[in-house]
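Engineer:
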Amino acid sequence: MFRSEEMCLVQLFFQTESAHTCIHQLGLLGLAQFRDLNPGTAAFQRKFVKEVKRCEEMERILRFLEAEMARCAIPVSAVVDSGGVTCPRELLELECKIRKLEEELKEINCNHDALKRNFTELLEISSLLKASRDFFEEAESQLSSSELPSEDSVSIATIRRNSSASTSGPQKLGFIAGVIKQDRFPAFEKVLWRLFHENFILRHAEIQDTEQQTENTMVKKDAFVIFVQGDQVQGKIKKICDGFRASLYPCPNTLSAREQMRMSVHIRIEDLRMILRRTEEFRATVLTKAATSIQHWVNKVKKMKAIYYTLNLCNIDITQKLIVAEIWCPVSDLNSVQNALIKGSEQSGSSVSPILNRIHTQHTPPTFNRTNVFTKGFQTIVDAYGVSNYREVNPTPYTIITFPFLFAVMFGDCGHGLVLTLLAVWVIVQQKKLSCCRSEFVVVLVEGRFIILLMGLFSIYTGLIYNDCFSKSFSIYGSSWSVRHMFQPSGPWSNETLHSSGHLTLDPAVPRVYSGSPYMLGIDPVWNIASNKLSFLNSYKMKMSVILGVSHMLFGTTLSLVNYIHFRNFQNILLRFIPELVFMLSLFGYLIFLIVFKWCVQLRSETAPSILLMFINMMLFSYQSSDVFLYSEQKAVQTFLVLQALLMVPVMLLESMGDIFAYQAIYTIEHCLGCISNTASYLRLWALSLAHAELSEVLWRMLLRGGLRCTPGLGAVLLALVLCCFALLTVAVLIVMEGLSAFLHALRLHWVEFQNKFYQGAGFKFTPLSFTSLLKTQP
Amino acid sequence: MPSLLFCGPKLAACGIVLSVWGVIMLAMLGIFFCSKSAVLIEDVPFTEEDIRNDPPQNVYALYNQVGINCFIAAAIYVGVGAVSLCQVRLNKRQEYMVT
């Protein structure tokens, strides 16, 4: 973990017959990354491209089968991978099997659709017959009363049923019956009116049949009957109906014929219903049988595709009997690789065992950091910024501690930390159940569960130090400040003092007001009720941020020394590391010294010098005679330190003469200015912790205080409701939002301010052929 | 009898978590109010004349009152927790019966 593993390039020679089993064994091992030996060839020119295409075709068919199973709601059983190798012959059999399955399923679907269409038509006819019965009855009644000579009855009087009316005269009445979608009906009616101007009668009724649509959305349909005279008109109307996609059905004239038709239609509907049901059952049977083994097939095909893809990367020699491959693998795992190959060749029954040949190379090996389930999350967040160079110092072991700690400095609240820890513990315990969930948010939560656990634990610790739990302080040991002794007889206060002033200051010079020994762990609880709490806490948190920041950066600089020693870059030690260290120590190390010294020394607060002003004056070499110094000889020490720091600058510039002088100048300026800006950047530790504390206090004051202060009557019920809102807002705002914010800023401090002291991060990650990770990723 | 189930599994689980939080937090608040902690002075609804008394018996009485309120609210949350637990059990039973 300290630095990436030593890798070696190994040449493998194995027989063509044992290729499949050997690569399969290497895939199960998951420790070999195959190098591409044919980088020039395009994808379609490679040797095994046909096999890869066949595997992809099989994947497509399997996906189609899975979609069909999902559509018919058939559960797919999850299958544990058995680890058996598939030889090409088995693959052919599998291919035949699933092709047959696909054809069968396609045929079933086709038949089913045709039957369904037929069924729909029959249903429409039956509803049409039912509706048109009313029309014809109405027409008959109108016919009997049509002797009335009225204006509009001129057209109505021409309604006559063909069979009973004499076919005398040119007026032959016919009718057209059909079914049209309800939303198209008004337009249909309008078109007919425009064309035929009352020379027709149109009757329509909504079809109430709810049996029709089961899978699709309910489409409302109307049944209509048009009575017209003349064949030409009928032809025109038929064309219009086609245009409006109304389905026309032959409807007999006589009542008895209609009744007969209804009977036959009814019988056919029942038959079709049964056939449809049988078809669906058959389809379900076929799919269920396939569902038991589909996961197994999918895994097999994926593995075979990966093996063929890997074979495409290898070289086949002239005799077609030998395959040459080059793999990167960790030096410490060479034995396991060899054992895997021997096992593979034994499985395929070949006599010759594969040969391993370690070769030296100029290529940069990939970076491989061995991680376990705990360190994996931290390695991921370090790699997200950049994978470390080969054999460079790995920042992950330190990130495991410093990242949650910097998060906790910004989050610092016991109560919120406790909630975070409990959440992390729950995710860790439920990890198996949650890892089946596909939602991306849950996946991220599960992968980072140990990070969240550490963040929560560290937050409880910093919450105890800040003495902050949902914005209230605990008084575990008893406060070191005592207000009682400010009153007479020991102190200056009396009752009038209380009534006359709004704010009073505790004076530690009065005996026994301050007990002499500070509060044992953390900030004294008396600060929670002091009105100048923020002035004290701000000063404390700012100084603490600077101390933490400079220490973090100094640690980063020492890691660069480790890198220089490992890569035997002694020139850089002298010309880069030492000037950087001296520059940072003499300026910012001295700043830390001033801060700690001022804390330890006893001063009167009215006359204490401000550290910031002292620092600025030191850099500007401006010393006044009225300055107060913290210690004697301060002026001399400060002048020496600044001069020393300034002297380091030309040393950094000097590192190499010549054409890369410009690069050196940039580096020098970047480092010197960067020191100041990076130190200031660490002040975000103060800023975020202040924001969190203030938000927490505002939430308590606005919400919970209102509930607590209400005592009369049902105060308890109101308090219960208020606590519910308080809990929800705490989780939503203070834990989720502030937590994400602190996470992001702590990450940025690591990635930029810490890692730019030593990290190159330009490597590429070791991606071995591994079936476990292949089968876990979904297509 | 009609189904007693009125919330789904997720709502019932949230209810349990919320009531555990409520019980613990309100119980601790009640204890701290009854022991008259100084940090909670702003949360007690005292008025100007209550302070002028010496010894401040009114303020102590108010502290106790708020403390009792907290305990009653904690008891309410015990009830809410019990209801949520029932809902979780009923949900599990229904899930078991359907499959």
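As given, the protein sequences belong to chains A and B, one line each in that order. Using the numbering used here, the first residue of the first sequence is number 6, and each one after it goes up by one. Using the numbering used here, the first residue of the second sequence is number 15, and each one after it goes up by one. Every residue gets a Cβ at the ideal spot worked out from N, C-alpha and C, and that includes glycine.
1) What are the start and end residues of the alpha helix (DSSP H) that includes S550(A)?
2) Any contact between the stretch 348-356 of chain A and the stretch 16-29 of chain A? By contact I mean 3 or more CB pairs, one from each, below 8 Å.
3) If you draw a straight line from the alpha carbon of V15(A) to that of T385(A), how long is it in whole angstroms?
4) Which residue spans inside the stretch 683-756 of chain A form an unbroken beta strand (DSSP E) run of at least 3?
5) Is I79(A) helix, strand or coil when you go by DSSP?
6) Tell me the rounded alpha-carbon separation between S98(B) and A83(A).
7) At what residues does the alpha helix (DSSP H) containing Q436(A) begin and finish?
8) Helix, strand or coil for R165(A) per DSSP?
9) Check whether the Cβ of S146(A) lies closer than 7 Å to any heavy atom of the ligand ZN, and answer yes or no.
10) Helix, strand or coil for F180(A)? Go by DSSP, reduced to three states.
11) Quick check on P799(A): buried or exposed, where buried means 16 or more other Cβ atoms within 10 Å of its Cβ?
12) So, at 6 Å on beta carbons, what are the nonlocal neighbours of P614(A) in its own chain, with the 5 sequence-adjacent residues on each side left out?
13) By DSSP's criteria, C334(A) is part of a beta bridge. Which residues make up the other side?
14) Is G422(A) near G453(A), with beta carbons less than 8 Å apart?
15) Comparing the C-beta of C441(A) with each C-beta of chain B, is any distance below 8 Å?
16) Compare the beta carbon distance of Q38(A) and W333(A) with 8 Å and say whether it is the shorter of the two.
17) In chain order, what residues of the same chain lie with their CB nearer than 7 Å to the CB of I79(A), ignoring the 5 residues before and after it?
18) State the DSSP-derived secondary structure class of R51(A), mapped to helix, strand or coil.
19) DSSP on T372(A), reduced to helix/strand/coil?
20) Could you tell me whether the Cβ of L25(B) comes closer than 8 Å to any Cβ of chain A?
21) Taking only three categories from DSSP, how would you classify H209(A)?
22) Measuring CB to CB, does L318(A) end up less than 8 Å from D41(A)?
23) Could you name the residues of chain A that D57(B) contacts, counting a contact when the two beta carbons are closer than 8 Å?
24) Using three-state DSSP, classify I578(A) as helix, strand or coil.
25) Can you list the residues of chain B that F534(A) reaches, using a CB-CB cut of under 9 Å?
26) Between the stretch 69-88 of chain B and chain A, which residues of the former have CB atoms less than 9 Å from a CB of the latter, in chain order?
27) Across which residues does DSSP place L40(B) in a beta bridge pair?
28) I believe C84(B) touches L724(A) by the beta-carbon criterion, under 8 Å. Please report the beta-carbon distance rounded to the nearest angstrom.
29) So, does the CB of G718(A) fall closer than 8 Å to a CB anywhere in chain B?
30) For chain A, check one thing: does any of its Cβ atoms lie closer than 8 Å to the Cβ of M39(B)?
31) So what's Y471(A) in DSSP terms, helix, strand or just coil?
32) Any beta-carbon of chain B closer than 8 Å to the one on S480(A)?
33) Report back the beta-carbon spacing between C729(A) and L43(B) to the nearest angstrom; my notes put them in contact at under 8 Å.
34) Are there 16 or more other CB atoms within 10 angstroms of the CB of Q108(B), so buried, or fewer, so exposed?
35) Does any residue of chain B have a CB that is nearer than 8 Å to the CB of C77(A)?
36) Need the endpoints of the beta strand (DSSP E) that N67(B) sits in, please.
Structural biologist: From the atom records:
1) Here residue 550(A) refers to the residue found at position 545 of the first sequence. K538 to H571 is the extent of the alpha helix (DSSP H) around S550(A).
2) These segments touch.
3) One-based indexing of the first sequence puts residue 15(A) at position 10. One-based indexing of the first sequence puts residue 385(A) at position 380. Each residue's alpha carbon lies about 27 Å from the other.
4) Taking 3 residues as the minimum length, the stretch 683-756 of chain A contains no beta strand (DSSP E) run wholly inside it.
5) Along the first sequence, read from residue 1 onward, the residue named residue 79(A) stands at position 74. Here I79(A) sits in coil by DSSP.
6) The sequence position of residue 98(B) within the second sequence is 84, counting from 1. The sequence position of residue 83(A) within the first sequence is 78, counting from 1. When only Cα atoms are considered, S98(B) and A83(A) end up about 33 Å apart.
7) Along the first sequence, read from residue 1 onward, the residue named residue 436(A) stands at position 431. If you look at Q436(A), you'll find it in the alpha helix (DSSP H) that goes Q436 to L439.
8) Numbered from 1 along the first sequence, position 160 holds the residue referred to as residue 165(A). With a pLDDT of only 40 at R165(A), under the threshold of 50, the placement of this residue in the model should not be trusted; the figure read from the coordinates follows. DSSP, reduced to helix, strand and coil, places R165(A) outside both helices and strands of the structure shown, so it counts as coil.
9) Ligands are entirely absent from the displayed structure, and the ligand ZN is therefore not among its contents.
10) Locating residue 180(A) in the first sequence gives position 175, counting from the first residue. F180(A): strand per DSSP, three-state reduction.
11) The displayed coordinates of chain A run from 6 to 784. Any statement about residue 799(A) would go beyond what the structure contains.
12) Along the first sequence, one-based indexing puts residue 614(A) at 609. Sequence-distant Cβ neighbours of P614(A) in its own chain, meaning closer than 6 Å and more than five residues away, are V633.
13) Stepping through the first sequence from its first residue, residue 334(A) is reached at position 329. C13(A), per the DSSP bridge assignment.
14) Taking the first residue of the first sequence as 1, we reach residue 422(A) at position 417. Taking the first residue of the first sequence as 1, we reach residue 453(A) at position 448. Contact check for G422(A) against G453(A) fails: the beta carbons are separated by 8 Å or more.
15) Indexing the first sequence from 1 puts residue 441(A) at position 436. Cβ-Cβ to chain B under 8 Å: no for C441(A).
16) Within the first sequence, residue 38(A) is the residue found at index 33, counting from 1. Within the first sequence, residue 333(A) is the residue found at index 328, counting from 1. Yes, the pair counts as a contact, with Cβ atoms nearer than the cut-off.
17) The count along the first sequence starts at 1 and reaches residue 79(A) at position 74. So the list reads A289, L292, T293 and A296, once near-sequence residues are dropped.
18) The residue given as residue 51(A) occupies position 46 in the first sequence. Coil.
19) Taking the first sequence and counting its residues from 1, one reaches residue 372(A) at position 367. DSSP places T372(A) in strand when its eight states are reduced to three.
20) Translated into positions along the second sequence, residue 25(B) becomes position 11. Contact with chain A is absent for L25(B), since none of that chain's Cβ atoms lies less than 8 Å from the residue's Cβ.
21) Along the first sequence, read from residue 1 onward, the residue named residue 209(A) stands at position 204. Correct three-state label for H209(A): strand.
22) Walking along the first sequence from the start, residue 318(A) turns up at place 313. Walking along the first sequence from the start, residue 41(A) turns up at place 36. Yes. Within cutoff.
23) Walking along the second sequence from the start, residue 57(B) turns up at place 43. Residues of chain A passing the Cβ test: L709, R710, L713 and R714.
24) Stepping through the first sequence from its first residue, residue 578(A) is reached at position 573. Helix.
25) For the purposes of this step, residue 534(A) is identified with residue 529 of the first sequence, where counting begins at 1. Note that residue 534(A) is Ile in the sequence shown here, rather than Phe. Within chain B, the residues A52, V53, I55 and E56 have their CB atoms less than 9 Å from the CB of I534(A), given in chain order.
26) Residues passing the 9 Å Cβ filter: L76, Q79, V80, I82, N83, C84, F85, I86, A87 and A88.
27) Here the question's residue 40(B) lines up with position 26 in the second sequence. Bridge partners of L40(B): none, in fact.
28) Residue mapping note: residue 84(B) aligns to position 70 of the second sequence, counting from 1. Residue mapping note: residue 724(A) aligns to position 719 of the first sequence, counting from 1. Taking a contact as a CB-CB distance under 8 Å, the pair C84(B) and L724(A) counts as one, their CB atoms being some 7 Å apart.
29) Taking the first sequence and counting its residues from 1, one reaches residue 718(A) at position 713. False, the Cβ-Cβ gap to chain B never drops below 8 Å.
30) For this step, residue 39(B) is matched to residue 25 along the second sequence. Answer yes: the Cβ-Cβ gap between M39(B) and chain A drops below 8 Å somewhere.
31) The residue labelled residue 471(A) in the question sits at position 466 within the first sequence. DSSP places Y471(A) in helix when its eight states are reduced to three.
32) Within the first sequence, numbered from 1, the residue matching residue 480(A) stands at position 475. True, the Cβ-Cβ gap to chain B drops below 8 Å.
33) Locating residue 729(A) in the first sequence gives position 724, counting from the first residue. Locating residue 43(B) in the second sequence gives position 29, counting from the first residue. Not really, about 15 Å apart at Cβ, beyond 8 Å.
34) Locating residue 108(B) in the second sequence gives position 94, counting from the first residue. It counts as exposed.
35) Position 72 of the first sequence holds residue 77(A). Taking Cβ atoms only, chain B never reaches closer than 8 Å to C77(A), which makes this a no.
36) Taking the second sequence and counting its residues from 1, the one referred to as residue 67(B) is at position 53. Where N67(B) is concerned, there is no enclosing beta strand (DSSP E), given that its DSSP letter is neither H nor E.
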